[in-house]
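Structure record follows, encoded as structure tokens.
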Amino acid sequence: MKKNAFHSALSRRDFLKTAGAIGIASFAGSMSQVVYAQDKTILKVRAYSDIRSLDPAHSVGVVDEEIHSSIYSKLIQYKPGREWGWQLDAAESITQVDDTHIAFKLKPGVMFTNGYGEMTAEDVKYSYERILDPDVASTNTPDWGTLKEVIVEGKYEGTIVFDEPYPPAWTIAMPYIVGNIVSKKAWEEMGGKVETTTPCGSGPYSHHEWQPKQKTILVRNPDWHGGHAPFDEIHILPIDDENTAQIAFESGDIDYTRVSLSSVASLKESPPANSIVSEYPSLYYVWVGMNIENEAMTNENLRKAIQHCIDVPSILEASYFGVAEAATGIIAPGLLGHRPQSMVPPQANIEKARELLAMAGMEGGASVTLDILNKAANVTTAQVIQATCAQAGIDVEVNLHESGAFWSLGDQNAGEQYKNIQLILNRYSMGPDPSYATAWFVSSQKGIWNWERFSNDEFDSLEAMAKAETDTVKRGEMYQRLQDLMEESGAYRFITHEATPVIYRNTVNPAFRPDGLPLLRYFTPAWFSWNYKPIRLACNFRHAWRGRYPPSIHNVHGGVKHMRICRYAHWVIGKFQPLKRVQSRFSWEASTLQQT
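With numbering that gives the first Met the number 0 applied, the sequence shown corresponds to residues 0 to 595, in that order.
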């Protein structure tokens with residue numbers, strides 16, 4: 000909802016008090032561990048926004064994909080760790096035959112839930128090609144680049160064919176959003192599209208329930224081809240603001256969250272009990288965009304004046320507490336196409352801004368609006384922009400929006416509000432290939448993700464060529480030029496790539512991409528091992544005992560019967576090569592029961 004402009008800052012202390020007062024539930028006496036309730040292990044995590052779609056063709060990015068990657072299968076998945084890589088998922092084998100052909104073979108026995116049968120190469124063909132179908136109108140078509148078709152060679156075999164070489168197939172398309180494989184039969188029964196429910200999946204978890212603006216619940220898929228998923232349930236809570244999410248973590252409401260950069264130093268110095276803080280580099284990019292088609296912003300000199308008004312170092316100090324670095328574009332350091340420096344220096348140049356304002360015929364000053372998502376770092380950034388622009392005679396009115404309203408602002412299918420955008424503070428996620436940054440700013444993305452409505456023939460042509468270029472030196476130069484063209488338009492002021500600090504319980508083994516984004520399908524309880532046979536034996540024993548297949552550890556109030564089970568599991572582990580972490584966990588639980 001749109002709110003009035005503001006001019007006063009909240010301190011972190013005031014903010015925390017306010018956030019606590021408006022309804023962050025507190026469980027002050029609760030244990031800091033994965034929830035063990037009614038014989039279930041439940042992992043609770045934070046997402047920065049609520050889901051928009053369970054259809055890969057209409058996913059809005061990271062928030063949806065965190066769920067998609069847990070409930071669907073892909074040929075390959077991102078590999079957790081500090082280095083970028085992939086590993087097999089539904090594919091038994093996959094090979095780059097030549098520059099434009101990738102051959103794959105599915106694992107037999109990958110089953111869709113709800114009776115939709117076994118996954119076949121026909122499902123892969125349907126899932127990939129529908130992203131390109133104009134009738135589907137997918138917002139993620141750029142991810143498949145030069146894809147032509149998928150040829151079905153047999154029940155499990157197929158060949159992915161491209162019109163031109165497409166290196167991002169391995170880094171963006173197959174292991175990310177558009178690589179999710181859906182059931183052709185199920186989707187056709189649904190009329191070719193799903194929204195916030197799904198007829199079936201094939202991943203380690205199934206979508207169980209969506210409570211709008213509260214949580215999404217995933218439950219273990221007993222028929223998953225990968226074995227026994229570690230958690231009975233995963234609860235995903237949408238919390239826009241990192242500071243609010245930190246309160247939820249410290250209150251015991253969630254087991255993992257990204258935290259604000261302002262909190263890193265204090266959390267590292269004095270972390271909450273039973274928690275671990277980790278830091279990752281970020282691929283996100285933050286920038287101020289300007290709507291070229293808005294009547295007030297058609298003047299290029301006004302846009303360039305605003306570029307020179309915005310003082311990036313002041314924003315980094317005030318909003319990111321000096322932890323983040325200034326961005327030189329939309330491609331982060333370490334990726335192909337990163338520019339060593341931007342064309343407009345990060346420091347503000349007020350005199351230059353006044354000169355450009357005069358050239359725009361606005362010697363008496365100008366007034367513009369700035370739309371932002373209502374979260375603490377954005378509020379501070381907007382206040383800095385207000386202050387520095389005022390020095391050049393530009394008055395900035397700030398409009399605050401909650402998550403749902405903000406992410407529909409530039410969508411021309413959501414109404415006419417996109418025409419009213421003048422300046423917008425934005426932040427997009429990124430993958431490990433530069434194409435995933437530039438794809439959203441071509442002319443065909445106007446009104447979808449290109450909210451600046453930037454249109455440049457050289458940009459469109461070069462972006463298509465860069466996707467297909469196999470010479471890495473030439474490809475890097477192309478992506479640098481693409482960012483030059485964006486900056487030269489005056490429609491972009493690049494701010495930062497941030498950083499990714501996260502906090503999680505020590506009772507959880509998290510799994511992250513190298514940029515710190517979570518891969519929920521690979522999260523496990525700290526005692527869990529995918530392949531450790533003693534745990535499987537203990538689980539099987541408990542399965543027979545309780546008539547179900549819960550994890551091998553429950554809450555500490557299971558009485559004598561539970562203590563015997565723990566002792567039995569401890570004995571089983573002792574007969575094999577023990578893992579100290581697992582052994583100590585069982586020992587702790589058994590000894591606790593003996594004391595009660």
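Yeah, the Cβ is synthetic: ideal placement off N, Cα and C, and Gly gets one too.
With a 10 Å radius around the Cβ and a threshold of 16 neighbouring Cβ atoms, ARG302 comes out buried. When secondary structure is reduced to three states using DSSP, ILE176 falls in the helix class.
Taken in chain order, the complete beta strand (DSSP E) segments of 3 residues or longer contained in the segment 262-329 are 274-279 and 284-289. Excluding sequence positions up to five before and after ASP162, its CB lies within less than 6 Å of the CB of THR145 and LYS147, all in the same chain and listed in chain order. Taking the Cα of PRO164 as reference, the smallest distance to any Cα among VAL507, LYS212, GLY225 and ALA465 is reached at ALA465. With fewer than 16 other beta carbons inside 10 angstroms of its own, VAL96 counts as exposed. Under the Cβ criterion (8 Å, minimum of three pairs), the segment 326-336 does not count as touching the segment 373-381.
Taking a contact as a CB-CB distance under 8 Å, the pair MET485 and LEU282 does not count as one, their CB atoms being some 17 Å apart.
With contact defined as three or more Cβ pairs closer than 8 Å, the segment 179-199 and the segment 114-132 are in contact.
Apart from the 5 residues on each side of it in sequence, ALA413 sits with its Cβ closer than 6 Å to the Cβ of SER407 in its chain, given in chain order. Residue range 100-105 is occupied by the beta strand (DSSP E) that includes PHE103. The residue from PHE522, ILE216, PHE493 and GLY515 with its alpha-carbon nearest to that of VAL507 is PHE522. PRO167 carries a helical assignment under DSSP once its states are collapsed to helix, strand and coil. When C-alpha distances from GLY84 are compared across LYS104, ASP134, SER69 and PRO167, the shortest belongs to PRO167.
Taking 8 Å as the upper bound for CB-CB distance, SER201 and PHE111 are in contact here, some 5 Å apart.
Annotation note: the segment 201-248 contains the following uninterrupted beta strand (DSSP E) runs of length 3 or greater, listed N- to C-terminal: 204-210, 214-219 and 232-237. Straight across, the Cα-Cα distance linking GLU362 with PRO270 is about 52 Å. Taking GLY364 as the centre and dropping the five residues before and after it, the same chain places the C-beta of GLY392 closer than 6 Å to its C-beta, in chain order. Residues of the same chain with a CB within less than 8 Å of the CB of ARG129, apart from the 5 flanking positions on each side, are ALA56, VAL135, SER137, TRP186 and GLY191 in chain order. Secondary structure at TRP406: coil, using DSSP grouped into helix, strand and coil. In the structure shown, ASN348 falls within a coil segment according to DSSP collapsed to helix, strand and coil.
Rounded to the nearest whole angstrom, the CA to CA distance from LEU105 to ALA120 is 7 Å. A Cβ-Cβ contact shorter than 9 Å links LEU356 with ALA304. Taking all protein chains in view, the Cβ of HIS234 is crowded by 16 or more other Cβ atoms within 10 Å, so the residue is classified as buried. A straight line joining the alpha-carbon of LEU399 with that of SER318 spans about 16 Å.
Across the structure, ALA438 and PRO174 are spaced so that their CA atoms are roughly 17 Å apart. Taken through DSSP and simplified to helix, strand or coil, ILE70 comes out as helix. The beta carbons of LEU217 and HIS207 sit about 6 Å from each other, so the pair counts as a contact at 8 Å.
For HIS307, the number of other beta carbons within 10 angstroms of its own is at least 16, and it is reported as buried. With respect to the C-alpha of VAL395, the residue from VAL149, GLY226 and ILE420 having the closest C-alpha is ILE420.
Of the candidates VAL501, TRP169, LEU519 and SER68, the residue whose Cα lies closest to the Cα of SER277 is VAL501. Counting only runs of 3+ residues, the beta strand (DSSP E) found wholly inside the segment 139-165 occupies 146-151 and 156-161, in chain order. Cβ-Cβ distances below 8 Å link HIS67 to LEU53, PRO55, SER58, ILE176 and ASN179 in the same chain, with the five nearest sequence neighbours on each side left out; the list follows chain order.
Under DSSP, the beta-bridge partners assigned to GLU117 are MET110. Contact between the segment 337-346 and the segment 446-465 is absent, with fewer than three C-beta pairs closer than 8 Å. By the 16-neighbour rule on beta-carbons within 10 angstroms, LYS445 is buried.
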